[in-house]
Each structure stands twice: as structure tokens, then as C-alpha cells.
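> Got a structure for you, questions after.
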Amino acid sequence: MGSKNSKVSKKSNSKKLFRIVIATFLIVSSVTLGMLASTIVKTIDVLNKPNPNGNKVGETEQQSFMGGIFDAMTPMSEPVTLLFLGSDVGYTSKGKKDESIPTRSDSMILTRIDPIEKKVTALSIPRDTRVTIPEKNETDKINAAFAYGGEKLARKTVANFTGVPIQHYVILKVDGLVNIIDALGGIDIFIDKDMNYKDWTAKLFINLPKGQHHLNGRMAHQYLRFRHDELGDIGRVQRQQKFVDALTRKLLNPAIMLKLPELVEIAQKNVISDFSNGELLKIANFLRKLKRTDIKMLMLPGRFATIDGGSYWVSEDYQIKDAVKGLFPDSQLNIPDPNATQSPDPLPNKDLSLDEKRNIKLTVLNGTNESGLGAKAARLLRDQGWVVWTVEQADNTDTKITQVILQTGKNKAVPFLKNELGLKNLDVLHSSTGDISTDYTVIVGKDFLNHLNEKQGNTPSNEPKKTN
4 MGSKNSKVSK
14 KSNSKKLFRI
24 VIATFLIVSS
34 VTLGMLASTI
44 VKTIDVLNKP
54 NPNGNKVGET
64 EQQSFMGGIF
74 DAMTPMSEPV
84 TLLFLGSDVG
94 YTSKGKKDES
104 IPTRSDSMIL
114 TRIDPIEKKV
124 TALSIPRDTR
134 VTIPEKNETD
144 KINAAFAYGG
154 EKLARKTVAN
164 FTGVPIQHYV
174 ILKVDGLVNI
184 IDALGGIDIF
194 IDKDMNYKDW
204 TAKLFINLPK
214 GQHHLNGRMA
224 HQYLRFRHDE
234 LGDIGRVQRQ
244 QKFVDALTRK
254 LLNPAIMLKL
264 PELVEIAQKN
274 VISDFSNGEL
284 LKIANFLRKL
294 KRTDIKMLML
304 PGRFATIDGG
314 SYWVSEDYQI
324 KDAVKGLFPD
334 SQLNIPDPNA
344 TQSPDPLPNK
354 DLSLDEKRNI
364 KLTVLNGTNE
374 SGLGAKAARL
384 LRDQGWVVWT
394 VEQADNTDTK
404 ITQVILQTGK
414 NKAVPFLKNE
424 LGLKNLDVLH
434 SSTGDISTDY
444 TVIVGKDFLN
454 HLNEKQGNTP
464 SNEPKKTN
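Have a look at this one:
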């Protein structure tokens with residue numbers, strides 16, 4: 004009997020090793036799905052090499068781990084929709100942490116993993132989004148649902164709001180992120196503005212100056228919690244996505260695999276989910292095969308509004324439907340109203356009309372050190388009838404391939420932008436990290452500079468000026 008229990012324990016431990024790969028992804032954000040899951044393959048190599056103490060993992064443990072890998076080969080056959088929730092901290096009247104105190108959710112990401120279409124889609128929902136809370140029968144900020152009724156009411160609220168049936172949930176306790184970042188040895192990230200804020204009630208103290216930083220867990224928590232500028236929670240959602248990119252690069256370092264046992268322990272204490280081990284293994288096997296282009300993540304579009312003295316993020320019905328339509332095909336919002344007059348979809352145009360271009364707002368950023376390159380791109384686009392609202396310098400001045408960020412998820416204009424910029428390729432990113440006040444953010448790169456030089460018969464300057 005003891006031998007049988009031992010085998011069960013070892014098998015459980017091997018599956019826990021897999022769980023951390025997926026759990027860590029769920030902690031971060033849906034955009035990193037394929038990348039993080041691919042680390043499973045690298046883990047095998049680590050297990051077969053000596054650790055820093057010169058010892059290899061025992062043969063029995065390796066066999067158990069390999070058994071888990073074979074289990075993971077079971078294909079994922081049906082789409083799965085989950086709601087990721089980041090929990091806030093509850094405090095007593097004396098200022099002590101108390102996890103039993105109901106709190107509002109701090110992050111909310113609706114995610115669909117689809118093995119049939121071979122893609123992952125995700126919708127970030129700002130915490131201040133104005134919705135009707137079921138059972139309470141009143142409007143409130145969407146993050147209040149978690150405080151009123153835990154994950155059950157949070158799921159019901161999001162499902163009613165988006166029309167999307169949600170099968171599973173994942174909750175990350177606030178200390179989980181801090182401990183994970185510390186275990187990883189910190190994260191490198193560029194902070195684009197000074198962040199200063201004090202909240203004695205919530206025990207939140209933020210002091211991060213603008214510039215390049217190596218963030219430990221406490222600093223990362225400050226970076227992700229900051230929302231006290233002109234963009235509020237919307238700017239925070241954008242920073243979360245930038246943080247995801249930095250964390251992904253860290254996690255893909257093979258050396259991180261040696262820290263998996265510590266990460267497993269952290270996840271066990273800080274991650275709550277209703278996924279079974281078998282479900283996670285199937286998801287892991289699917290995710291490791293994904294490419295960046297298979298992942299699409301957007302933020303719910305909307306506008307700031309003050310209603311009855313409260314500050315909200317308000318999304319109109321058409322904005323919700325447009326956002327959900329391209330991400331979640333099983334949404335009830337996709338079912339046509341039988342009483343409404345249906346008009347056939349228009350035939351695709353060979354070109355965009357001038358009126359269509361005038362209804363598309365662009366932000367143009369110079370992603371190089373070449374002086375005035377952004378202004379040249381903006382002038383070229385304006386001459387073709389596009390509306391360019393903003394021209395600025397990008398934080399990254401080493402952009403090689405011109406990038407187009409689709410804040411609203413609509414990609415109709417992408418091929419026309421590519422042609423009119425004279426480029427063969429564009430790096431298209433479905434993300435909310437661009438300028439949310441416009442429809443597309445165009446970050447011109449060195450390929451656009453080369454195109455202009457070839458067109459004019461010039462060669463690029465060896466010492467470009469570093470002015471805007």
C-alpha cells in the first residue's frame with residue numbers, strides 16, 4: 004500500500020511541475036500562452052543535465068516526469084473559455100491583511116483557447132467598466148462583482164455583459180505576483196513616466212521614477228497597480244501588457260527551469276483554479292505549438308465618464324459587440340436579432356474610399372533615431388487622405404520592421420497602410436498598448452527609412468541625429 008501511495012505522490016508531483024508552466028501564464032496574461040507553454044520542452048533538457056550541485060534528477064523522478072509528458076500528448080479537442088481574476092488585498096480596521104475580507108478584483112481577462120481554429124483570443128476588461136451586476140440589480144464597476152459574490156458572481160457578470168459562456172476561472176492572490184517576480188530574480192522594464200502615489204488605507208506606496216529599471220517583486224507590484232494619471236485604469240491595462248512582454252522574455256530563459264520547484268510552491272499558495280491536472284496538460288500540449296500570430300488580445304473599447312459622481316469606463320453596445328465578435332464566436336451577441344432588418348454584407352472594396360480614411364484616426368510614432376522620420380510618414384499618409392492625430396517619438400528607437408498596433412482589433416486598413424507607406428511587410432500587433440485615443444498606432448521603423456532612401460537614391464546616414 005505504501006509503494007502505491009508513493010507512486011501516486013510522485014505522479015502528482017510531476018503534474019504539479021507542468022501546472023506551474025500554465026499557472027504562471029495564467030498569472031501573467033493570455034498573450035503569453037504559446038510562449039510560456041513551450042518551456043515544457045526545455046524543462047526536459049534541464050532534467051537530464053546536472054544541476055548547479057552536480058547532481059542529476061533521479062531516474063524514478065525522470066520516468067515519472069516523462070509519464071506526465073506522454074499524458075500531455077492527449078490532444079485538446081474542444082475550445083475552452085476562462086476568466087482570469089487578480090484579487091486585491093483586504094485589510095482589517097487595524098491595518099492588517101485579512102484574506103477573508105471581500106475585495107474587488109484588480110484585473111480581469113476573458114480568454115478563449117481554441118484548438119480547432121488553432122488560436123488564442125483574450126479581452127482585457129478595465130476594472131472601472133460600468134455594468135449591471137446580476138442579483139444586485141444595479142449598475143456598478145465590474146470589479147465589484149468579485150467583492151459581492153466571489154468568482155461565481157464575477158463570472159456571471161462578465162458572461163451577461165459579453166454574452167460569452169465561461170467554463171473555468173483562475174484567481175491570483177496579490178502576493179503571488181510579488182513572490183514569483185522575486186523568485187525569478189526580477190524583471191527589466193522601461194518606465195515611461197514618474198509614478199508617485201500613497202494610500203495609507205490600502206497600504207499602497209508607489210515611488211518609481213521614469214527610466215530603465217530592474218524591478219523586484221515589490222516594485223513590479225507598484226508598477227502594475229499604479230493608475231493615478233490621466234488614463235487611470237486604462238493606462239494600467241497598457242502597462243500590464245508591456246509587463247507581460249518583459250516577463251515572457253525572462254521565463255523563456257532555460258536557466259529559469261531550475262527554479263520551477265520554488266515556483267510550484269508559490270503557485271500552490273497563491274493560485275486558485277477549477278482546472279483539473281488533465282485539462283492543464285492538454286492545454287499545455289496545445290499551447291506549446293502556437294506562434295505569436297496565433298494570439299490576439301484586445302482591451303474593451305470605450306470612454307471615460309462621470310456618472311452620479313462616480314468615474315467609469317463606459318462601452319456602448321456596438322463597441323462591446325464589435326470587440327466580442329472577433330474574439331468569441333460563441334457569444335450570444337453574435338446571434339442576429341430575428342426582428343431586426345438584416346442587410347447583406349457589402350462586397351469588399353479594392354480600395355478605401357476617402358470618407359472611410361477620414362473615419363480612421365492614426366497615431367504615428369518614430370521608432371528610429373532618424374530625425375523627422377515620423378513626420379515624413381505622417382505627411383505621406385495625410386497626402387493620401389488619412390487622418391493623423393498625433394506624431395511623436397517612440398520609446399524604442401531600434402524598430403526594424405514598421406509596426407501597426409490595432410487598438411480596436413479591426414484590421415481592414417492594414418494592407419492599405421502597408422501599400423501607401425511603400426512597405427513589403429508590417430509587424431501587426433493586436434494589443435491595447437498603442438494610443439487608445441486613435442484606431443491604429445503606426446510605429447515606423449528602419450525599413451521605412453530604407454524605402455525613402457531607395458526612392459530618393461540616397462544612403463542612410465551613419466550617424467543619425469537623435470532628435471524628434
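Quick note: the sequence shown, position 195, residue 198 per our numbering, numbers continuous. Glycine included, C-beta positions come from ideal geometry on N, C-alpha and C.
Between LEU355 and the rest of its own chain, which residues show a CB-CB distance below 6 Å, the 5 nearest in sequence each way excluded?
Taken in chain order, the residues that qualify are PHE419.
> Check whether the Cβ atoms of LEU376 and VAL447 sit closer than 9 Å, and answer yes or no.
yes
> Around the C-beta of PHE246, are 16 or more other C-beta atoms found within 10 angstroms, so that it is buried, or is it exposed?
buried
> Give the secondary structure of THR135 by DSSP, where H, G and I count as helix, E and B as strand, and everything else as coil.
strand
> With MET222 as the anchor, note down where its alpha helix (DSSP H) starts and where it stops.
220–228
> So, with DSSP's three-state summary, where would you put GLN243?
helix
> Would you list the one or two residues that DSSP bridges to ASN210?
ASN199
> Taking the continuous alpha helix (DSSP H) assigned at VAL181, which residues delimit it?
Segment 177–187, the alpha helix (DSSP H) holding VAL181.
> Return yes when the Cβ of LYS176 is within less than 9 Å of the Cβ of ILE194, no when it is not.
No; because the gap between Cβ atoms is not below 9 Å, this pair is not in contact.
> DSSP three-state call for ALA308: helix, strand or coil?
It is a strand residue.
> What number of angstroms, rounded off, separates the C-alpha of ALA270 from the C-alpha of GLY179?
About 7 Å.
> If we ignore side chains and look at the alpha-carbon of each, how far apart do GLY425 and TRP389 end up?
Straight-line spacing of the CA atoms in GLY425 and TRP389 works out to 15 Å.
> CA-CA distance, GLU319 and ASN163?
15 Å
> Could you give the residue range of the alpha helix (DSSP H) that holds ARG382?
376–386
> Between the alpha carbons of ASP202 and PHE208, how many angstroms are there, rounded?
6 Å
> Taking the C-alpha atoms as reference points, what is the distance between MET69 and ASP117?
Residue placement at MET69 is flagged as unreliable, the pLDDT there being 44, under the threshold of 50; the coordinate-derived value follows with that caveat. Going from the Cα of MET69 to the Cα of ASP117 covers about 26 Å.
> Mind checking ASN273: buried by the 16 CB within 10 Å criterion, or exposed?
buried
> In the DSSP assignment, what are the bridge partners of TYR172?
TYR172 pairs with LEU86.
> CA-CA distance, ASN210 and ARG230?
13 Å
> Check this for me: beta carbons of MET111 and ALA157, under 9 Å apart or not?
yes
> Straight-line CA distance for ILE286 to ALA381?
43 Å
> So the beta strand (DSSP E) ASN456 belongs to, where does it begin and stop?
Per DSSP, ASN456 lies in no beta strand (DSSP E) segment; the continuous alpha helix (DSSP H) that holds it begins and ends at 449–459.
> Do GLY370 and THR400 have their C-beta atoms closer together than 9 Å?
yes
> So within the region 308–335, which uninterrupted beta strand (DSSP E) runs reach at least 3 residues, ignoring any that extend past its ends?
Segments of the beta strand (DSSP E) lying fully in the region 308–335: 313–317.
> Using the C-alpha atoms, what's the distance from LEU303 back to SER334?
15 Å
> ARG115 lies in the alpha helix (DSSP H); which residues open and close that run?
Counting along the chain, ARG115 falls outside any alpha helix (DSSP H), though it belongs to the beta strand (DSSP E) covering 108–117.
> Please check the pair LEU113 and LEU86, which I expect to be a contact at CB under 8 Å, by giving their CB distance rounded to whole angstroms.
Going by Cβ atoms, the distance from LEU113 to LEU86 rounds to 6 Å, so yes, they are a contact pair.
> Going by DSSP, what residues sit across from LEU290 in a beta bridge?
DSSP, once it has assigned bridges, lists no residue as partnering LEU290.
> Ignoring anything shorter than 4 residues, give me the alpha helix (DSSP H) runs that lie fully in the region 394–425, in order along the chain.
If we require 4 residues or more, the alpha helix (DSSP H) runs fully inside the region 394–425 come out as 417–423.
> Assign TRP316 to buried or exposed, taking buried as 16 or more other Cβ atoms, counted over all protein chains shown, within 10 Å of its Cβ.
buried
> Assuming THR444 and LEU368 form a contact by the criterion Cβ under 8 Å, report the distance between their Cβ atoms to the nearest whole angstrom.
7 Å
> Could you check where the alpha helix (DSSP H) with VAL161 kicks off and where it finishes?
From DSSP, the alpha helix (DSSP H) with VAL161 extends over 147–165.
> In the DSSP assignment, what residue or residues form a beta bridge with PHE193?
GLN215
> Closest by CA to TYR151, which one among THR135, ALA326, GLY238?
Across the set THR135, ALA326, GLY238, the C-alpha of THR135 shows the shortest separation from the C-alpha of TYR151.
> From this set, THR124, VAL181, PRO78, ILE310, which residue's C-alpha is nearest THR142's C-alpha?
Of all alpha-carbon atoms in THR124, VAL181, PRO78, ILE310, the one lying nearest the alpha-carbon of THR142 is that of ILE310.
> Locate the beta strand (DSSP E) running through ASP358, then write down its first and last residues.
That residue, ASP358, is in no beta strand (DSSP E); its alpha helix (DSSP H) goes 357–361.
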